[in-house]
Amino acid sequence: MTHHDTSFPVGWKNTRLRFVLRLNPSKTEVSGLSEDEEVSFLPMEAIGDDGSLRLEATRRLGDVQSGYSYFRDGDVAVAKITPCFENGKGALMQGLVGGIGFGTTELIVARPHQRRLVAEFLNWLFQSAEFRGFGEGAMYGAGGQKRVPDDFVRDFRLALPPLPEQTAIAAFLDRETGKIDALVEEQARLIELVKEKRQAVISHAVTRGLDSKVRMKDSGIGWLGDVPEHWEVKPLKFMVSHVVDCLHTTPTYEGELQYPAIRTADIERGVLLLDQARRVSESVYQERIQRLRPEADDILYSREGERFGMAALVPAGVDLCLGQRMMMFRVRPENSPGFVMWALNSDPIYQQVLERTAGAMAPHANIGDVINFRVPCPNRDEQLAISGYLDGVTSRLDELVLKATAVIELLQERRSALISAVVTGKIDLRHYANAETVAA
Numbered sequence: 054m055t056h057h058d059t060s061f062p063v064g065w066k067n068t069r070l071r072f073v074l075r076l077n078p079s080k081t082e083v084s085g086l087s088e089d090e091e092v093s094f095l096p097m098e099a100i101g102d103d104g105s106l107r108l109e110a111t112r113r114l115g116d117v118q119s120g121y122s123y124f125r126d127g128d129v130a131v132a133k134i135t136p137c138f139e140n141g142k143g144a145l146m147q148g149l150v151g152g153i154g155f156g157t158t159e160l161i162v163a164r165p166h167q168r169r170l171v172a173e174f175l176n177w178l179f180q181s182a183e184f185r186g187f188g189e190g191a192m193y194g195a196g197g198q199k200r201v202p203d204d205f206v207r208d209f210r211l212a213l214p215p216l217p218e219q220t221a222i223a224a225f226l227d228r229e230t231g232k233i234d235a236l237v238e239e240q241a242r243l244i245e246l247v248k249e250k251r252q253a254v255i256s257h258a259v260t261r262g263l264d265s266k267v268r269m270k271d272s273g274i275g276w277l278g279d280v281p282e283h284w285e286v287k288p289l290k291f292m293v294s295h296v297v298d299c300l301h302t303t304p305t306y307e308g309e310l311q312y313p314a315i316r317t318a319d320i321e322r323g324v325l326l327l328d329q330a331r332r333v334s335e336s337v338y339q340e341r342i343q344r345l346r347p348e349a350d351d352i353l354y355s356r357e358g359e360r361f362g363m364a365a366l367v368p369a370g371v372d373l374c375l376g377q378r379m380m381m382f383r384v385r386p387e388n389s390p391g392f393v394m395w396a397l398n399s400d401p402i403y404q405q406v407l408e409r410t411a412g413a414m415a416p417h418a419n420i421g422d423v424i425n426f427r428v429p430c431p432n433r434d435e436q437l438a439i440s441g442y443l444d445g446v447t448s449r450l451d452e453l454v455l456k457a458t459a460v461i462e463l464l465q466e467r468r469s470a471l472i473s474a475v476v477t478g479k480i481d482l483r484h485y486a487n488a489e490t491v492a493a
């Protein structure tokens, strides 16, 4: 039953949530407890988009009684701030220490009237596309501070099944979404395995080569180990002709936006995510290419932040510039840009980055460190062969990841559609409710 739909199964009653629940219960309920009482504590990150809870954190009651949301086992909470609301954050509170919890103030806490509303059913209603969709339309505020008002929840109109049917619906969705979630987890594990294999293939090829029978020698570098006997190991600065750091200013994104300004978020190992890159105007572009205009097969390298230590090539036919926290290399003619790029993405090179940033609060690689990275260096023909091999293998593995990601998206759509269809009565579960009652 949507917010405005008028059709619903026989026996269901048209009502508003305000008549079957109470919002934001009073903290006076715990006023008789000792301030030293341990209670569960839930910051927003402890509440999953899938309704899960991480309950390891606790606090003294006296430390959280003021300034935090209060809830008990059996309450149902939903995040009210964007983007947490749209992402589906919320949960049925259960397993709280002493049955009591406090947490982020960005929650709306609902306590169902036991004789009218089953908490598990309410939890699924809060996850439905109808509730979330109408909630987005009711948000107030600007930008990242938009919130769903409490009155939206109070005034949300629904068709309410009888209690036995609510219980049956919740049990049905627990079971069926559990099956879907297991399939999603299976695909997620596949993606992780493929990514691990991808990284292993890259690291092996750029440090051992493609000939399994080649004689090896000790590189003399502990993290690198043996390399083919005829290879050299060189500092990166002897394999590149130009090293360029980005301007240490944030690009302005105003005017006629034409040129991608590549940030760390736009780069993965061997892949440039041009479609998502933010664009800048002609004047900003000209300012940001003064040090060196990026050309096809130059190497872009992320040197700071969560995604530091990743490299990708500039594609042909694209005019772009460096955003923040990026570096660029131009490879000498005697070397293959593709090989150097893949080498920078390998585990041995990344290990050098980690050693130089150990203990840093905000990891970043300095130019002086990066140009002295020790890189395995075969002759150019072998570099080209390795680069071509890795282009092919990683492309096939990336395709597997894309297919698994598409399966996950399809499963998540099916999950959302199932929840909405069941809580609105479009799928008739009265026979299921009767069977549950008989079994009980």
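If you use our numbering, the sequence shown corresponds to residues 54 to 493, in order.
Where a beta carbon is used, it is the ideal one built from N, C-alpha and C, also for glycine.
Computed from a prediction, not measured in an experiment: that's the story for all the values here.
Which first and last residues belong to the alpha helix (DSSP H) in which SER336 is found? Here residue 336 is taken as the residue at index 283 of the sequence shown, counted from 1. Unbroken alpha helix (DSSP H) run through SER336: 335-341.
key: Cβ contact (3+ pairs, closer than 8 Å) linking the region 292-311 and the region 460-472   = no
- Which residue from GLN329, ASP319, SER84 puts its Cα closest to that of ILE153? Reading the sequence shown from its first residue, position 100 is the one you call residue 153. If we check each option's Cα against that of ILE153, SER84 comes out closest.
- Task: Grab the span of the alpha helix (DSSP H) containing PRO217 for me, first residue to last.
- Result: Against the sequence shown, residue 217 aligns to sequence position 164. Element bounds for PRO217: 216-261.
So the candidates are ASP102, ASP319, GLN343; which of them puts its Cα closest to the Cα of GLY358? In the sequence shown, counting from the first residue as 1, residue 358 sits at position 305. Measuring from the Cα of GLY358, the nearest candidate turns out to be ASP319.
Are the region 113-129 and the region 84-99 in contact at 8 Å, needing three or more beta carbon pairs? yes
Handout entry: Candidates GLN180, PRO347, GLY190, of which the one nearest ALA314 by Cα
Key = Residue numbering aside, residue 314 sits at position 261 when the sequence shown is read from its first letter. Minimum Cα distance to ALA314 is reached at PRO347.
**Asked** Taking C-alpha atoms, which residue in ILE233, HIS283, ARG251, GLY278 lies nearest to ASP264?
**Response** One-based indexing of the sequence shown puts residue 264 at position 211. Per the Cα distances, HIS283.
In this structure, does DSSP put ASP203 in helix, strand or coil? Residue numbering aside, residue 203 sits at position 150 when the sequence shown is read from its first letter. It is helical.
Return the CA-CA distance between SER448 and LEU160, expressed in angstroms with no decimal places.
Walking along the sequence shown from the start, residue 448 turns up at place 395. Walking along the sequence shown from the start, residue 160 turns up at place 107. The alpha-carbon atoms of SER448 and LEU160 are separated by roughly 43 Å.
ask   = Which class does THR317 belong to by DSSP, given the choice of helix, strand or coil?
value = Your numbering for residue 317 matches position 264 in the sequence shown. Helix.
Q | Beta carbon of THR157 nearer than 7 Å to that of PRO96 | A | Sequence index remark: in the sequence shown, residue 157 carries index 104 (1-based). Sequence index remark: in the sequence shown, residue 96 carries index 43 (1-based). Taking 7 Å as the Cβ cut-off, THR157 and PRO96 qualify as a contacting pair.
Check your understanding: Can the beta-carbon of PHE94 be found less than 7 Å from the beta-carbon of TYR123?
Key -> In the sequence shown, the residue the question calls residue 94 occupies position 41. In the sequence shown, the residue the question calls residue 123 occupies position 70. Against a cut-off of 7 Å, the Cβ pair of TYR123 and PHE94 comes out as no contact.
_Endpoints, alpha helix (DSSP H) assigned at CYS137_ = Residue 137 sits at position 84 when you count from the first residue of the sequence shown. CYS137 -> alpha helix (DSSP H) spans 137-140.
Self-check item: ALA132 (DSSP reduced to helix, strand or coil)
Solution: Residue 132 sits at position 79 when you count from the first residue of the sequence shown. If DSSP states are grouped into helix, strand and coil, ALA132 belongs with the strands.
Practice task
Would you be able to state if there are at least three C-beta pairs under 8 Å between the region 291-298 and the region 324-341?
Solution key: no
Please state whether the Cβ-Cβ distance between ALA258 and LEU74 is less than 7 Å. Here residue 258 is taken as the residue at index 205 of the sequence shown, counted from 1. Here residue 74 is taken as the residue at index 21 of the sequence shown, counted from 1. Going by C-beta atoms, ALA258 is not nearer than 7 Å to LEU74.
- Message: Considering only DSSP beta bridges, list what VAL293 is partnered with.
- Response: The residue you call residue 293 lines up with position 240 of the sequence shown. DSSP lists VAL384 as partners of VAL293.
Practice item. Under 6 Å Cβ to Cβ from ARG344, same chain only, skipping five residues before and after it: list those, please. Key: Position 291 of the sequence shown holds residue 344. These residues qualify, in order along the chain: VAL297.
Checklist entry - What are the start and end residues of the beta strand (DSSP E) that includes MET269? => result The residue you call residue 269 lines up with position 216 of the sequence shown. Unbroken beta strand (DSSP E) run through MET269: 269-271.
Q. What is the rounded straight-line gap between the Cα of PRO386 and the Cα of PHE138?
A. Taking the first residue of the sequence shown as 1, we reach residue 386 at position 333. Taking the first residue of the sequence shown as 1, we reach residue 138 at position 85. Cα to Cα, PRO386 sits roughly 53 Å from PHE138.
message = Rounded to the nearest angstrom, what separates ALA474 and ARG322 at their Cα positions?
response = Along the sequence shown, one-based indexing puts residue 474 at 421. Along the sequence shown, one-based indexing puts residue 322 at 269. One C-alpha to the other measures close to 41 Å.
#### Entry: GLY190 versus ARG316, ALA130, PHE205, residue with shortest Cα-Cα distance
Residue numbering aside, residue 190 sits at position 137 when the sequence shown is read from its first letter. For the residues ARG316, ALA130, PHE205, the minimum Cα distance to GLY190 belongs to PHE205.
For GLY188, count neighbouring Cβ atoms within 10 angstroms of its own Cβ and tell me buried if that reaches 16, exposed if not. In the sequence shown, counting from the first residue as 1, residue 188 sits at position 135. So GLY188 ends up on the buried side.
Worksheet item: Residue range of the beta strand (DSSP E) that SER355 falls in?
Response: By one-based count along the sequence shown, residue 355 stands at place 302. Here the beta strand (DSSP E) through SER355 covers 352-355.
Tell me the residue span of the beta strand (DSSP E) that contains PHE426.
In the sequence shown, residue 426 corresponds to position 373, counting from 1. Premise fails: PHE426 is in no beta strand (DSSP E) and is neither H nor E.
Discussion item. Mapping the DSSP letters down to three states, classify TYR193 as helix, strand or coil.
Written reply: Here residue 193 corresponds to residue number 140 of the sequence shown, with the count starting at 1. Three-state result, TYR193: strand.
Check your understanding: What is the DSSP secondary structure of TYR153, counted as helix, strand or coil?
Key -> Here residue 153 refers to the residue found at position 100 when the sequence shown is read from its first residue. It is Ile, not Tyr, that sits at residue 153 in the sequence shown. Reduced to three states, the DSSP call for ILE153 is strand.
So the candidates are ARG185, LEU327, ILE472, ARG383; which of them puts its Cα closest to the Cα of VAL371?
The residue given as residue 371 occupies position 318 in the sequence shown. The candidate whose alpha carbon is nearest that of VAL371 is LEU327.
| Residue burial classification, PRO136 (beta-carbon count within 10 angstroms, cutoff 16) | For the purposes of this step, residue 136 is identified with residue 83 of the sequence shown, where counting begins at 1. So PRO136 counts as exposed.
Q.
Please report the distance separating the alpha-carbon of THR55 from that of VAL247.
A. The count along the sequence shown starts at 1 and reaches residue 55 at position 2. The count along the sequence shown starts at 1 and reaches residue 247 at position 194. Its pLDDT being 44, under 50, THR55 is placed unreliably by the model, and the measurement read from it follows with that caveat. Using only the alpha carbons, I get a separation of about 41 Å.
query = What number of angstroms, rounded off, separates the C-alpha of LEU397 from the C-alpha of THR317?
reply = Position 344 of the sequence shown, counting from 1, holds the residue named residue 397. Position 264 of the sequence shown, counting from 1, holds the residue named residue 317. Straight-line Cα distance between these residues: approximately 15 Å.
Handout entry: Closest Cα partner of GLY127 within the set ALA110, GLU173, ASN140
Key = Along the sequence shown, one-based indexing puts residue 127 at 74. The shortest Cα separation from GLY127 among ALA110, GLU173, ASN140 belongs to GLU173.
Let me know the alpha helix (DSSP H) ranges lying completely inside the region 83-133, each 4 residues or longer, listed in chain order. 114-117
| task | Could you tell me which residues DSSP pairs with MET146 in its beta bridges? | result | Looking up residue 146 in the sequence shown gives position 93. Answer by DSSP bridge pairing: none, since MET146 is not bridged.
Could you pull the start and end residues of the beta strand (DSSP E) that ALA418 belongs to? One-based indexing of the sequence shown puts residue 418 at position 365. That residue, ALA418, is in no beta strand (DSSP E); it is neither H nor E in DSSP.
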